[in-house]
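Some notes on the structure that comes next.
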Amino acid sequence: MPEATREDLDGLGIGTKVRELRQKRRYTLQDLSARTGVSKEILAQLEGGEVMPPVATLLRVARGLDVNVAYFLHPGTEEVERKAAVTRVAERRQIARRSHHDPGQIGYTYESVELHKTRKHMEPFLVTFQPVEKRDMVFYSHEGEECVFLLEGELEFRTAEEVTRLREGDCLYFESDMAHAFRSLGDAPAKALIVVYAAEKG
1 MPEATREDLD GLGIGTKVRE LRQKRRYTLQ DLSARTGVSK EILAQLEGGE
51 VMPPVATLLR VARGLDVNVA YFLHPGTEEV ERKAAVTRVA ERRQIARRSH
101 HDPGQIGYTY ESVELHKTRK HMEPFLVTFQ PVEKRDMVFY SHEGEECVFL
151 LEGELEFRTA EEVTRLREGD CLYFESDMAH AFRSLGDAPA KALIVVYAAE
201 KG
């Protein structure tokens, strides 16, 4: 699918939500940078709507602001707590993350599949990985654990110590504080359901 347009990002208002939450909590950009490990420059670009961060960065920002990622990916700013919540397929928005190395190359797209539960420990995403060269793989790390269930295609999971190939129906569970990267193998994209778990801070 195509990359999210500027209009899509403006419609979600991710940068505006980040800035408003930061100001509501009386954090400076430096404060939020210290809480998240994300540079002030990237945070400023995010608030200005200039960049769409990868999942790992958005997770860090959400955690630093004490909200769930879904808060940023829902068109509204609803924060009503509920015991059970349903997200309809038409509500989901797909976001594209471009490769750091090649601005013209899309690395992967993601969408949150749960948009309404405001207090939760798990963040579920539907992620589509594009085929890229090994040299173009970008490594990320963040607090928590991840469970990856491969729905379509073949996927390579790489860390500093090992390389693992996943096929349809395979499930991978790992601690996500170690640097890791994914890429689709072959000519077609690979699609996975990824659930990120992050325990409450403190």
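Residue numbering for the sequence shown follows my numbering, starting at 1 and increasing by one per position. From the three backbone atoms N, C-alpha and C, an ideal C-beta is built for every residue, glycine too.
- The residue among E111, R82, A84 and E81 with its C-alpha nearest the C-alpha of E91 is E111.
- DSSP places T36 in the helix class (H, G or I) of the three-state scheme.
- The beta carbon of K191 sits closer than 6 Å to those of T128, L151 and E152, all from its chain and outside the five residues before and after it, given in chain order.
- For Y71, the enclosing alpha helix (DSSP H) stretches over residues A70 to L73.
- The continuous alpha helix (DSSP H) containing E20 extends over residues I14 to K24.
- Beta-bridge analysis with DSSP links E154 to L185.
- Going by DSSP, V61 is part of no beta strand (DSSP E) but of the alpha helix (DSSP H) stretching over V55 to G64.
- Relative to the Cα of E123, the nearest Cα in the group Y108, C147, Y140 and E133 belongs to C147.
- For D31, the closest C-alpha among the options L12, L65, P53 and Q45 is that of L65.
- By the Cβ test, the region 38-52 is not in contact with the region 130-142, since fewer than three Cβ pairs between them sit closer than 8 Å.
- According to the DSSP assignment, T159 belongs to no beta strand (DSSP E), since it is labelled neither H nor E.
- Taken atom to atom, the span from the alpha-carbon of L193 to that of R19 is near 29 Å.
- Per DSSP, reduced to three states, the secondary structure at A90 is helical.
- According to DSSP, residue pairing for E146 in a beta bridge involves F174 and V196.
- For V127, the enclosing beta strand (DSSP E) begins and ends at M122 to F129.
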